[in-house]
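Protein chains in written order, with the working numbering: chain A, 1364 to 1694; chain B, 120 to 450; chain C, 381 to 815. Cβ atoms here follow ideal geometry from the backbone N, Cα and C, with glycine treated the same way. All figures in this text were calculated on a predicted structure; none of them were measured in a lab. Note sheet for the following structure.
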């Protein structure tokens, strides 16, 4: 997976993964709005180039930690639609047997240590995974995804300090989508975000998060250096979320304008931009791309249908998996 | 049998397990050359080096988070939390992350870590260095909680904890570090969830945890001189709890006092008393009494601090009343 | 003055040491620093050196002896044939006591608490000679704790007037080990920490952990006498006692009748089981012979009367009115009637037929219990005898049911019939009361 991204196949794969994320989210949004999906969910639409650009630079041995807005990371790291939709609907065949839901999908087989519903809650986990790699002399790298809102959490600074002291193979990927829940980032973040990492002596970069190739190129370089013990690194990815903080956050003009949203969608959409690039470079034709989009759409519909029909876990599972060695914790 | 201090017992257990399993490492503040302020870990860094006995900055949530991530990816960290009072600092990493990861991932991820910390008042350390907060973590499903009552238990439980695939919190009584007890030279483990009947008796059961086991034993000696036969039971782990042994003793003697150094209200004493009340009600000849620490922050002045914890005389006094059939809390 | 040779404390949790071998014999000349004997502790074998020069005398411990830490085992005297008998530590302590009074004036220096699990510190060496001038920052002595050796500065400037501990001694933290005087002292004091401990000790900053928890909370629950029986008539017994009584077919009310104090415990069940069989049979007969009578009346009469009494006669306390009506039926001059309603019990003195003279009283033994259950869903009951005859009022359809229950012997059957009949009549037509 982490070969040089210069050939057609890899470009097409990056495009495909971005479309898969967008398609997954469109379906999840519909499931939620049609009251078929319990709970709450946070859409990744608009930020696809971040997850795909980064995860395409990683192998299955490399780990990521994800956030409440985590469907994109999960897809980009290799997860299947079927198990993901089953999890979103609380079904037995979900990645977490329906126990985690939208905000806690973990897919260990692809190195996804799980989404975390505590803002900033996974920064320690990601850094700890990197500490383990160093102690056990493994060359895997861990990417810690978090948003601009999470930069206000103290834990980030505690773990960046240790990561820098011990040169841990971890990359802090700050997805700056401009809003911390319902508040503009400039109202919650003093100074520069990258300067905070630099204060610990951590090499920090800012990159256009809507440009999948730029994200991928930077990540490839940093991952290779982290494997050699040159970590940690910090990337601030400038991006935008198309939906509200969560699916129900519809009337959001009090914190951002419709014009602003329209501008990002029309002029900076990562999928539209990359599609134009692929056609322009003669890597794919419009027809090929349309066919791919249609196929993904069909895959997603089939997975949704499957998940809707799938069975819920048996009630006896309620006290299972509390402990590894006690089958039923409340027996 | 040779006698060693509780401190040496913990040190031996860690050394043996670190020799056996190279994924085990220690992380915390001043654990390496300093060997902790209580000197419990003295010498371990000489054998295992600073890569496995890792000094951290003073950042409890940070290193706790690192341990969770390392545990999730194949290491077995032993976290040293200098004082039990600092549990409040690491609650998110311990209770939202470590405790729930196995369950939220539907059994896919495990967090085999040990959190070593302490409890116990009367060291004249005042309210922020004297608390016994084990009930706090025992309340959270997914965590196991061990409470050694002597050097023997400290060693056997620590070895079991390190081999357990769940997050385990071990509370050592900081007043007992220099206390000696017979500990076999040969290897042994103490399984979790097996209470120890320290003394047989017929008239009343005294259930004690940690150093309160000694308090109960001393109370039993006082009572024996008066012709009252007290049974002393040490649960050894409060999660999992060996309910069967506690209930059997309650049914046998029909009177029970539960003694624990945590605050009495909403605490371990309340939990155990309640279970006995629910499951051995028709065998009780007296109300089950709780004796915990006074519900006040631990005061500094020795004159005040000493009256906040249960004492052998206090336990004996209550036991006498129960055996005499006096209604202690009659309306 | 001869120097005491004591069993030193060499380990953290050491209580005694075994003398492996003496290196000097009684009468031998010893120089300061000479090895006197070898001692074995839990950790190691160590050589103990002489603290001063002189002759070894008064040896009381032999090779192989186990000696408690702090015990004097020999002396170093000025002459080889020192007259003293074996050393007596208690006498020493006395000496120390007296000596304390002679201590020079000045600032005290204590054994500091340097480690976290530290109860005492091993004084490795003095770094200032007695009587010498010392500056606050000068290292005064060296102390070994847990794992490290630390030089402790004097803390105050002056002259080292007293050294109250010797090198090699394990001194409890907080104990005074030196005095620094402002003026050069005329004479200095040098001695061991052992004898002086009780006097010179600073006010208990860090008592030994074992002792701290041993102190009683000194708050014993006042020893209460057993409680009287429950006002609602429920027999109080422990869950186990109740279960055993049920299993063995024993009647707890026999214990009530026998005057055994409640609550009943398992020991009382043993008493009950041991009661002679005849008594048991008699009690059975008694139970069978208790009285249970019922009567039914329409409800309107009493309702209307209560309204009239309240509005016209100013009798607003319905409990007092009911007590008056019931008391009037009793064959007793001035009965006390207990009225139980809505979970409360009130006692009334009923001096005669005048309802306005009924007064509420405290602490009286009722002659009759009137249990007003009209506001409940209970329509019938069979409770057995209690301390006094019980008249219960329950609703049944549109009317009222009156139930009289008496334990055997409380009231003659004829009197019971009369009582219930009379009361039913008064409730039906309250004006009869005035007749």
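Can you tell me where the beta strand (DSSP E) holding residue i begins and where it ends?
i, result
"residue 196 of chain B", "195-199"
"residue 785 of chain C", "779-786"
"residue 805 of chain C", "Not the beta strand (DSSP E): residue 805 of chain C falls in the alpha helix (DSSP H), residues 793-808."
"residue 425 of chain C", "425-429"
Distance cutoff 7 Å, beta carbons only. Does residue i sit that close to anything in chain B?
i, result
"residue 1569 of chain A", "no"
"residue 1460 of chain A", "yes"
"residue 1467 of chain A", "yes"
"residue 1590 of chain A", "no"
"residue 623 of chain C", "yes"
"residue 1443 of chain A", "no"
"residue 537 of chain C", "no"
"residue 1495 of chain A", "yes"
"residue 618 of chain C", "yes"
"residue 508 of chain C", "no"
"residue 1475 of chain A", "no"
"residue 583 of chain C", "Annotation note: pLDDT 40 at residue 583 of chain C (below 50); position unreliable, coordinate value reported separately. By this cut-off, residue 583 of chain C is not an interface position."
"residue 1659 of chain A", "no"
Sort the options by Cα distance to residue i and report the nearest one.
i, options, result
"residue 1633 of chain A", "A:1404, A:1384 and A:1412", "A:1412"
"residue 1615 of chain A", "A:1547, A:1427 and A:1387", "A:1547"
"residue 435 of chain B", "B:240, B:359, B:324 and B:358", "B:324"
"residue 262 of chain B", "B:170, B:253, B:270 and B:355", "B:253"
"residue 223 of chain B", "A:1478, A:1425 and A:1474", "A:1478"
"residue 1425 of chain A", "A:1543, A:1575, A:1534 and A:1653", "A:1534"
"residue 186 of chain B", "A:1568, A:1586, A:1495 and A:1647", "A:1495"
"residue 407 of chain B", "C:704, C:642, C:810 and C:618", "C:618"
"residue 430 of chain B", "B:340, B:216 and B:335", "B:335"
"residue 1401 of chain A", "A:1372, A:1448 and A:1373", "A:1448"
"residue 1437 of chain A", "A:1459, A:1454 and A:1455", "A:1459"
"residue 1625 of chain A", "A:1604, A:1374 and A:1637", "A:1604"
"residue 1680 of chain A", "A:1493, A:1454 and A:1427", "A:1454"
"residue 1505 of chain A", "A:1390, A:1567, A:1587 and A:1576", "A:1587"
"residue 304 of chain B", "B:293, B:275, B:312 and B:315", "B:275"
Could you give the first and the last residue of the continuous alpha helix (DSSP H) run that contains residue i?
i, result
"residue 395 of chain B", "387-398"
"residue 1639 of chain A", "1633-1643"
"residue 1436 of chain A", "1434-1439"
"residue 1650 of chain A", "1649-1672"
"residue 418 of chain C", "Note, residue 418 of chain C: premise wrong, no alpha helix (DSSP H); beta strand (DSSP E) at 415-420."
"residue 1630 of chain A", "1621-1630"
"residue 619 of chain C", "619-627"
Say whether chain A places a C-beta atom closer than 7 Å to the C-beta of residue i.
i, result
"residue 221 of chain B", "yes"
"residue 169 of chain B", "no"
"residue 327 of chain B", "no"
"residue 87 of chain B", "This structure leaves residue 87 of chain B out entirely; chain B is present only between 120 and 450."
"residue 185 of chain B", "yes"
"residue 393 of chain B", "no"
"residue 356 of chain B", "no"
Under three-state DSSP, which class holds residue i?
i, result
"residue 263 of chain B", "strand"
"residue 750 of chain C", "strand"
"residue 597 of chain C", "Because residue 597 of chain C sits at a pLDDT of 41, beneath the cut-off of 50, its placement in the model cannot be relied upon, and the following sentence gives the value as read from the coordinates. Here residue 597 of chain C sits in coil by DSSP."
"residue 1530 of chain A", "coil"
"residue 581 of chain C", "Because the pLDDT at residue 581 of chain C is just 36, under 50, the model does not fix this residue reliably, and the point stays unresolved."
"residue 1404 of chain A", "coil"
"residue 424 of chain B", "helix"
CB residue i to CB residue j, shorter than 7 Å?
i, j, result
"residue 1388 of chain A", "residue 1602 of chain A", "no"
"residue 455 of chain C", "residue 382 of chain C", "yes"
"residue 492 of chain C", "residue 517 of chain C", "no"
"residue 289 of chain B", "residue 243 of chain B", "no"
Looking at the C-beta of residue i, does it have a partner C-beta in chain C at a distance below 7 Å?
i, result
"residue 404 of chain B", "yes"
"residue 381 of chain B", "no"
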